[in-house]
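Here the structure is laid out as structure tokens; the discussion comes afterwards.
Put into structure tokens, the structure is as follows:
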């Protein structure tokens, strides 16, 4: 009997002490290893964080603008507890190589907000001056990944390459999901692709979409909006964890393509007002999210993990904060400069990998 | 632009209205593949569910006590969307191999209630009568996994094995974690182990432990308790999620051992009343839990996934009903989980898999 009372005591202590009703069972804890939520048979993730950190931090250290704005690399790149040390340059920064042909793919609803929906628009303009050919595919902002895969296929099909060029697809947010669907649905076109890089990619879907997709389909799917057509209306359905995760499990990605992933998550105080509500909803599942996607849902199976960026889902790639700022001072925040350097670091990392492709 | 902003505003309002009523973001859906949370870089989990289901269901159909009242086998093994169907012509059951030595290690506080219920207690008796060599290995119920690893090491060291014997360790709940610590802390003795099986194993720990560990170390760690000493008091700390995940990331498991995992989860109606509050708390993260652990936290990296037992954390292994314990889900033995079938199916699967030099499914 005594032992049963002991068990009951424990149960009660669990109820009383956990039901102290903190919003989440999980703390915002970065003393944790990199994690991935995956399916049985999923290929392993390859950890490339130390080298990416060297490149990103090297660029920040070399940038006078970053120095003026007191941008510190460690403030923007999380170091989880399993990342190996290596923040002194083991090799010099790679030289730029404009033979990478870059295509950026926009995220959900980006088409509806043309002034702020294009990822890395300023950063791409900088690198184009160095000779890179960089284009952006504005996919259907309100359409499913299957629908947008056809748009990507059409663009890729129409591309002409120089013999030395290598095609790299950058997918931001749902853009990454759309790219994966393109690779699976159009295997012939996929042969033209050398590498895919996801930035805050909704790879496993997001539980937020499970919550809101039906509402969108019932109420807003056909609502006319000037800047973006309704498309097939499947934007949120494509992002449901219960849709995207099963899709991944039964659609192995082509092995001729190399995959890379950059993940975003940040503290609540760094989240833009427009993302706070969804951040709080996700916080009950895991506080390490970027306001739209949980950190372990952002890795492509079999990808190389480049790093965890300490920015929210928008700040990592699109200028929402700057475009909606109420003052010039606010608009000139550090984010645009960090984004520029982050984009350049991603390109340089891929340039260095080119010799292994 | 005006329309875009109105649209955004409308969406935002709907989101807020819906979100305010949100208890959790995910429903209890079985239309999902197996989900496994692992530190990055861990070996892939292999899928053994189809063959395990064949074995389990065949054994269940032959068990007299379940023949008429068990209902379909699917009631006991949950089928997720990515599990392949069996071939129409089922292959034969593997033969019993009595050259297996099997040790079963209990979970958290298991020592404290070992005379009320021990994992697979009744099932062990039945299987022993068929010639299997199965023994309980009681470890400290209130100690850390490192502490218990020493107890496992001592037992393994003292075990007289014949040349033809294969040694299998089966761990329920924290028992599985204790086994993994033993493998890392005692690599010499780990070479004697052929296979490790986790049943509802707390492999990644539990989000519930994150809160309980502090409370326990302040209030409960030194409480006297007849049946089990305080040990090193580190039991709950060992089950904290960050502790477990960090440990997993830093300690690659020996490749000489084969790993197997049976996970458990069920719907709220089937949860033991003493576990309902834990279930509800975990429900905020994912309703697919067993009252103490999330389903995605129960698979050993690199293991062969055997299946998802459709019951709560205790019911899959602990026969509380045999002693009319107030901890039992029901006083009726007729509706208890078929633990004997589960244990027998695990043993047969492992036997077949060890003999087939690595093919899984």
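Protein chains in written order, with this note's numbering: chain A, 198 to 554; chain B, 195 to 555.
Cβ coordinates follow ideal geometry from the N, Cα and C atoms, glycine included.
Following the continuous alpha helix (DSSP H) through residue 472 of chain A, name the residue where it begins and the one where it ends.
Walking along the first chain from the start, residue 472 of chain A turns up at place 275. Where residue 472 of chain A is concerned, the enclosing alpha helix (DSSP H) starts and stops at 470-480.
Just the chain A side, please: which residues come within less than 9 Å of residue 479 of chain B by C-beta, in chain order?
By 1-based counting over the second chain, the position of residue 479 of chain B is 285. Within chain A, the residues near residue 479 of chain B are 221, 222, 223, 481, 482, 483.
Under 8 Å, with one C-beta from each stretch per pair, do the stretch 411-431 of chain B and the stretch 453-470 of chain B reach the 3-pair mark?
no
Enumerated in chain order, which unbroken segments of the alpha helix (DSSP H) with a length of 4 residues or greater are wholly contained in the stretch 393-471 of chain B?
401-409, 429-432, 435-444
Can you look up residue 266 of chain B in the DSSP assignment and give me helix, strand or coil?
Sequence index remark: in the second chain, residue 266 of chain B carries index 72 (1-based). The answer is coil: DSSP assigns residue 266 of chain B none of H, G, I, E or B.
Can you round the beta-carbon distance between residue 253 of chain A and residue 538 of chain A to whole angstroms, since I take them to be within the 8 Å contact cut?
Reading the first chain from its first residue, position 56 is the one you call residue 253 of chain A. Reading the first chain from its first residue, position 341 is the one you call residue 538 of chain A. The Cβ separation is near 7 Å, so the contact holds.
Using DSSP with H/G/I as helix, E/B as strand and the rest coil, what is residue 219 of chain A?
As a position in the first chain, residue 219 of chain A is number 22, starting the count at 1. Confidence in residue 219 of chain A is poor, its pLDDT being 46 and thus under 50, which makes the residue's placement unreliable; the coordinate value appears in the next sentence. Coil.
Is the CB-CB distance between residue 592 of chain A and residue 454 of chain A below 8 Å?
A query on residue 592 of chain A cannot be resolved here, the shown segment of chain A reaching from 198 to 554 and no further.
Taking all protein chains shown into account, do 16 or more other C-beta atoms lie within 10 angstroms of the C-beta of residue 482 of chain B, making it buried, or fewer, making it exposed?
Here the question's residue 482 of chain B lines up with position 288 in the second chain. Its Cβ being crowded by 16 or more others within 10 Å, residue 482 of chain B is buried.
Assuming residue 327 of chain A and residue 378 of chain A make a contact with CB atoms under 8 Å, what is their CB distance in whole Å?
Residue 327 of chain A sits at position 130 when you count from the first residue of the first chain. Residue 378 of chain A sits at position 181 when you count from the first residue of the first chain. Their Cβ separation, rounded to whole angstroms, is 31 Å, which puts residue 327 of chain A and residue 378 of chain A out of contact at 8 Å.
Would a C-beta distance cut-off of 8 Å place residue 277 of chain A and residue 505 of chain A closer than the cut-off?
In the first chain, counting from the first residue as 1, residue 277 of chain A sits at position 80. In the first chain, counting from the first residue as 1, residue 505 of chain A sits at position 308. Against a cut-off of 8 Å, the Cβ pair of residue 505 of chain A and residue 277 of chain A comes out as a contact.
If we ignore side chains and look at the alpha-carbon of each, how far apart do residue 372 of chain B and residue 406 of chain B end up?
Working through the second chain from its first residue, we reach residue 372 of chain B at position 178. Working through the second chain from its first residue, we reach residue 406 of chain B at position 212. The alpha-carbon atoms of residue 372 of chain B and residue 406 of chain B are separated by roughly 19 Å.
My output table needs one value for residue 281 of chain A: the three-state DSSP class, helix, strand or coil.
Mapped onto the first chain, residue 281 of chain A falls at position 84. It is coil, neither helix nor strand.
Classify residue 419 of chain A as buried or exposed, calling it buried when 16 or more other Cβ atoms lie within 10 Å of its own Cβ.
Taking the first residue of the first chain as position 1, residue 419 of chain A is located at position 222. Label assigned to residue 419 of chain A: exposed.
Spell out whether any CB of chain A is found under 8 Å from the CB atom of residue 444 of chain B.
As a working note, residue 444 of chain B is residue 250 in the second chain. Yes, its Cβ sits closer than 8 Å to a Cβ of chain A.
Report the rounded CA-to-CA distance for residue 216 of chain B versus residue 552 of chain A, giving the unit in angstroms.
Sequence index remark: in the second chain, residue 216 of chain B carries index 22 (1-based). Sequence index remark: in the first chain, residue 552 of chain A carries index 355 (1-based). With a pLDDT of 44 at residue 216 of chain B, under the threshold of 50, the predicted position of this residue should be treated as unreliable, though the coordinate-derived value follows. One alpha carbon belongs to residue 216 of chain B, the other to residue 552 of chain A, and they sit about 50 Å apart.
Along chain A, which residues have their Cβ under 9 Å away from the Cβ of residue 276 of chain B?
By 1-based counting over the second chain, the position of residue 276 of chain B is 82. In chain order: 236, 237, 238, 443, 446, 447.
The beta strand (DSSP E) that contains residue 330 of chain B, what's its start and end?
Here residue 330 of chain B corresponds to residue number 136 of the second chain, with the count starting at 1. First-last of the beta strand (DSSP E) with residue 330 of chain B: 327-330.
Below 7 Å CB to CB, which residues in the same chain sit around residue 458 of chain A once its five sequence neighbours on both sides are set aside?
Taking the first chain and counting its residues from 1, one reaches residue 458 of chain A at position 261. For residue 458 of chain A, where only same-chain residues beyond five positions count, the Cβ hits under 7 Å are 395, 398, 495, 496, 497, 500, 502, 503.
Leaving out five residues on either side along the sequence, give the residues of the same chain with a beta carbon under 7 Å from the beta carbon of residue 341 of chain B.
Here the question's residue 341 of chain B lines up with position 147 in the second chain. Only 334, 425, 426, 428 meet the Cβ criterion.
Quick check on residue 501 of chain B: does DSSP put it in helix, strand or coil?
By 1-based counting over the second chain, the position of residue 501 of chain B is 307. Here residue 501 of chain B sits in strand by DSSP.
Rounded to a whole number of angstroms, what is the C-alpha to C-alpha distance between residue 236 of chain B and residue 242 of chain B?
As a first step, residue 236 of chain B must be located in the second chain, where it is residue number 42. As a first step, residue 242 of chain B must be located in the second chain, where it is residue number 48. In a straight line, the C-alpha of residue 236 of chain B is about 18 Å away from that of residue 242 of chain B.
For residue 274 of chain A, does the three-state DSSP call read helix, strand or coil?
As a position in the first chain, residue 274 of chain A is number 77, starting the count at 1. In the structure shown, residue 274 of chain A sits in a strand (DSSP, three-state: E or B).
From which residue to which residue does the beta strand (DSSP E) around residue 232 of chain A run?
For the purposes of this step, residue 232 of chain A is taken as residue 35 along the first chain, with counting starting at 1. Note, residue 232 of chain A: beta strand (DSSP E), 232-235.
On the CB-based measure, 16 or more other CB atoms within 10 Å of its CB, does residue 292 of chain B come out buried or exposed?
Here the question's residue 292 of chain B lines up with position 98 in the second chain. Exposed: under 16 other Cβ atoms inside 10 Å.
Put residue 380 of chain B into one of helix, strand or coil per three-state DSSP.
Numbered from its first residue, the second chain carries residue 380 of chain B at position 186. It is coil, neither helix nor strand.
Quick one: which chain D residues come within Cβ less than 7 Å of residue 229 of chain A?
Among the protein chains in the structure shown, which are A and B, there is no chain D.
Just to confirm my understanding: we take residue 460 of chain A, look at its own chain, exclude 5 residues before and 5 after, and list those with CB closer than 6 Å. What are they?
To locate residue 460 of chain A, count along the first chain from 1; it is residue 263. Hits under 6 Å: 492, 495, 505.
State yes or no: is the beta carbon of residue 492 of chain B nearer than 8 Å to at least one beta carbon in chain A?
In the second chain, the residue the question calls residue 492 of chain B occupies position 298. False, the Cβ-Cβ gap to chain A never drops below 8 Å.
Check whether the Cβ atoms of residue 446 of chain A and residue 227 of chain B lie closer than 8 Å to each other.
Residue 446 of chain A sits at position 249 when you count from the first residue of the first chain. Residue 227 of chain B sits at position 33 when you count from the first residue of the second chain. In this structure, the beta-carbon distance from residue 446 of chain A to residue 227 of chain B falls below 8 Å.
Starting from the N-terminal side, write out each stretch of the alpha helix (DSSP H) that is 4 residues or longer and does not extend beyond the stretch 479-535 of chain A.
Correct list: 517-520, 525-528.
Does residue 430 of chain A pass the burial test, meaning 16 or more other C-beta atoms within 10 Å, or should it be called exposed?
Counting from one through the first chain, the residue named residue 430 of chain A turns up at place 233. Looking at its Cβ environment, which holds 16 or more other Cβ atoms inside 10 Å, residue 430 of chain A is buried.
Please confirm whether residue 499 of chain B has its beta-carbon closer than 8 Å to some beta-carbon of chain A.
In the second chain, counting from the first residue as 1, residue 499 of chain B sits at position 305. For residue 499 of chain B, the answer is yes, since a Cβ of chain A falls inside 8 Å of its Cβ.
Put residue 387 of chain B into one of helix, strand or coil per three-state DSSP.
The sequence position of residue 387 of chain B within the second chain is 193, counting from 1. Residue 387 of chain B falls in the coil class under three-state DSSP.
Please name the residue, chosen from B:395, B:353, B:305, that lies closest to residue 455 of chain B on a Cα-to-Cα basis.
For the purposes of this step, residue 455 of chain B is identified with residue 261 of the second chain, where counting begins at 1. The shortest Cα separation from residue 455 of chain B among B:395, B:353, B:305 belongs to B:395.
Let's test the definition: count the other Cβ atoms within 10 Å of the Cβ of residue 511 of chain A and tell me whether it reaches 16, buried, or not, exposed.
Walking along the first chain from the start, residue 511 of chain A turns up at place 314. Per the 10 Å Cβ criterion, buried.
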